[in-house]
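Below you'll find the structure, written out as structure tokens, and then a few comments.
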Amino acid sequence: MPKEREVMCLPFFVPFRERPLHPMLNLSSVGVHFGQRTLFEQVDLFIGKRERIGLVGRNGAGKSTLLKIIAGLQTPSEGQVSYPNDYRIGYLPQEMDHNEDRTVLEEASSAFEELQRLEGVVERISKELGERTDYETLEYHRLIEQLTEANERLDVLGGSTMEEQVQRILQGLGFTAEDMHRMMGEFSGGWQMRVELAKLLLQNPDLLLLDEPTNHLDIESIQWLETFLQNSSSAILLISHDRAFLDNLTTRTVEITPIKLYDFKASYSKYQIWREEERERQEQAYKNQQKYIEDTEQLINKFRAKKNKAAFAQSLIKKLDKLDRIEVDAADNASIRFRFPPAARAGKVVIEAEGVSKSFDGKEVFHGVDLILARQEKVALVGKNGAGKTTFTRIILGLEQAQGDLKLGHNVDIGYYAQNQAEELDGNLTVLETLEEVAVGDVRKNLRGLLGSFLFSGEDVDKKVKVLSGGEKARLAMCKLLLHPYNFLILDEPTNHLDIKSKEVLKQALKAYDGTLMVVSHDRDFLADMTDLVYEVTPTGLQQYIGDIRHFLHEKHAASIRAYEAGNAKKVHLTKDKPKPVETAKPELSYKERKALEKEERTLRNRVSKAESLIAEREAAVEKLNEQIAQTAPEERGTITDLAYQYEQAQHAVQQAMEQWEAATLALEAFERHS
């Protein structure tokens, strides 16, 4: 492995060298072992220029470990990582330390320390060339080449537009103009992580390693990041449990397992289909081979004792010894399996809040919050990052003081899952000891069974918490929460470290939960069809929307969160009785104004009509590709792979057309409501 390497999880300097025309990275026979335990082995992986790769696998499979190995932060037990001399890697881990003594703008601008160094190099070489007269020497020509290279790199980094680039990326990630000059220490860990992400995006490395980059982003910022990464010149290796984010961004899926690496040129959803078909093919080939082995062994047993057939029997034995035995991958159908335990019945009203307000150091977060939450209601709490969602949940729990009146109902027993719940576990305890510490009564007899339902089985229960992955810690924290039958659950970003399968099972369990639920989440797929009400936290109080997250976005006149935040939805005041929209009288329009409105309506209707035609056209293309795939013989793997890739692109085109139609339809509906 080369000794010198640039990894930009924290920016630092390396000498500038000639950039490769086609930068690439290659892993060869990489493996990681912990004593007798093998995390993975014989991993071969090639990453080409501008590839978009989703790295998937069950929690604890070694995804984050593989990123650290590629970033040069961890040494593999075997194998090597190779890349060109000037290959630049940007790495965003799930957790890292942050510099809190700079402003947001200063910290983000530190991404251009290379640019500032290069400016110094140009100045030094230019001065030296002006003083030298040995124009024909190799040393003089070497200086000319270094100056040219440094100037070319300066052009690539865009030195003249540095501050503009910094502000554009920070604003895309949700920072306001006022935030630019605030100290990093004033922001939560999630917002600090956004600054680190901004620094990586500004540095434009050859390869971006992103470990759960959407965990601390709201929906608007996730959509902005998707678009930015789609247009980036960097190759991307991405770990994410956000199915929509993976499907929208990646064109190649790599699954890491203890036995082998699966590599398929398609997005995650397409890969899942192929993976299941591949497992079925393996099973059929395995059955055929086992039948052949059984028949051959019968012949061997039949002829090995006969002198005139002994040589024939020996040849069959050698043939079996040389046979490449087929192994069938175990179906990864393991997932969290549980139901929340039945709890004591709470009173009819679980929470009653009136005029609740909260300020920090004189800065108001929200005021005038009125809320009545009934027994067995399931609500989602949404809003921009920093709006006060977590603060409001902590006020309910009595962990924060606030102005106003907030009362819990009769016999309410609250279970709370915080964003940092997994980090609050004692790392020196084992998995089993973590539960034994809080379990009382008969439930202690069933702790191993409960842990098994959360995918901790066998020796896993004796692992120290500190060696668990982020996802394993999150599962353990959720398991710990279940030891008590709460009748009111408050979950703050419960899916951040859960894999896609586990998120779906948790969602189904919450839908079946017979208590009251309040969940804070930015995961649209997770919230869909799960809640009865959505409450938006705003500086002036709560706004209530009947239905799930999709109804909320629809009511806010938005196919995207950007439209929702910029829209002019009707204000809803929450009272103890019933939310009532504030209505204002509509002024009479002049002839000219009516004509302008009619023209706008025709334009909007034309947009809807054109979008519908585009959907039909693109769906026809998908159907045609589907027929081609069905008619292609299974052994034509190359053709199937190419068609699968085209099919994925065609489906993405349909999705884009659907989004255009939805945006046009919402705009028309908003126009009709306000005209």
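Just so you know, the sequence shown maps onto residues 28 to 702 in this note's numbering.
Even for Gly, the Cβ is constructed at its ideal location relative to N, Cα and C.
Check, Outcome
"Enumerate, from N- to C-terminal direction, the unbroken alpha helix (DSSP H) stretches of 4 or more residues contained entirely within the stretch 528 to 593.", "551 to 554, 576 to 582, 588 to 593"
"Assuming contact is defined by CB atoms lying nearer than 7 Å, are L266 and K90 in contact in what I supplied?", "The displayed chain sequence assigns Ile, not Leu, to residue 266. Contact flag set, yes."
"Evaluate the contact criterion for the stretch 374 to 385 versus the stretch 397 to 406: three or more CB pairs, one atom per stretch, below 8 Å.", "yes"
"Relative to the C-alpha of I116, which candidate in E127, H125, L94 has its C-alpha closest?", "L94"
"By how many angstroms is the C-alpha of K534 removed from the C-alpha of L525?", "11 Å"
"To the nearest angstrom, how far is it from the Cα of K375 to the Cα of K530?", "30 Å"
"What are the residues that DSSP puts in a beta bridge with L289?", "Note on identity: in this sequence residue 289 is Tyr, with Leu being the wrong assignment. Bridge partners of Y289: E282."
"State the DSSP-derived secondary structure class of L433, mapped to helix, strand or coil.", "strand"
"For a test of the three-state rule: what should DSSP assign to Y110, helix, strand or coil?", "coil"
"Span of the beta strand (DSSP E) holding L462?", "Unbroken run through L462 is the alpha helix (DSSP H), 458 to 463; no beta strand (DSSP E)."
"Return the residue from the list S342, M220, L433, D440 that minimises the CA-CA distance to R372.", "D440"
"Tell me, please, whether the stretch 464 to 484 touches the stretch 546 to 554 by the rule of three or more beta-carbon pairs shorter than 8 Å.", "no"
"For T461, which residues in the same chain have their Cβ closer than 8 Å to its Cβ, ignoring the five residues on either side in sequence?", "L452, D453, V492, L503, K507"
"Evaluate the contact criterion for the stretch 282 to 298 versus the stretch 77 to 86: three or more CB pairs, one atom per stretch, below 8 Å.", "yes"
"Would you report the Cα separation of R7 and L264, rounded to the nearest angstrom?", "The question about residue 7 has no answer here: the residues shown for the chain are numbered 28 through 702."
"What residue range does the alpha helix (DSSP H) around E134 cover?", "131 to 136"
"Please state whether DSSP places D397 in a helix, a strand or coil.", "strand"
"Is K528 near M557, with beta carbons less than 7 Å apart?", "no"
"How many Å lie between G485 and Q403 at the Cα?", "37 Å"
"So, at 8 Å on beta carbons, what are the nonlocal neighbours of L631 in its own chain, with the 5 sequence-adjacent residues on each side left out?", "A691, A694, L695, F698"
"Using a Cβ-Cβ cut-off of 7 Å (strictly less than) and excluding sequence neighbours within five positions of F553, which residues of its own chain qualify?", "T522, K530, K534"
"Between the alpha carbons of V564 and T417, how many angstroms are there, rounded?", "10 Å"
"My understanding is that Q121 touches D238, with C-beta atoms under 8 Å, so please give their C-beta distance in whole angstroms.", "5 Å"
"Can G62 and S104 be called in contact, C-beta distance under 7 Å?", "no"
"Using a 10 Å radius around the Cβ and a threshold of 16 neighbouring Cβ atoms, would you call E686 buried or exposed?", "exposed"
"Consult DSSP for Y444 and reduce its assignment to one of helix, strand or coil.", "strand"
"Do you know offhand how far D113's Cα is from K314's?", "50 Å"
"Hey, out of Q311, F339, A312, whose CA is closest to T323's CA?", "F339"
"Under a Cβ-count criterion, where at least 16 other Cβ atoms within 10 Å of its own Cβ denotes burial, should A293 be classed as buried or exposed?", "buried"
"Whether or not the stretch 571 to 579 and the stretch 422 to 433 are in contact is what I'm after, with contact meaning three or more pairs of Cβ atoms, one per stretch, closer than 8 Å; do they touch?", "no"
"Report the partner residues of F387 according to the DSSP bridge assignment.", "K390"
"Going along the chain, which unbroken runs of the alpha helix (DSSP H) with 4 or more residues stay wholly within the stretch 179 to 247?", "189 to 199, 216 to 230"
"Hey, out of F291, F255, S259, I246, whose CA is closest to A271's CA?", "I246"
"Given E627, which residues of its chain have a CB within under 6 Å of its CB, disregarding the five upstream and five downstream residues?", "none"
"For the pair the stretch 145 to 163 and the stretch 203 to 223, tell me if three or more CB-CB distances fall below 8 Å.", "no"
"On the CB-based measure, 16 or more other CB atoms within 10 Å of its CB, does R744 come out buried or exposed?", "A question about residue 744 goes unanswered here, because the residues of the chain that appear run from 28 up to 702."
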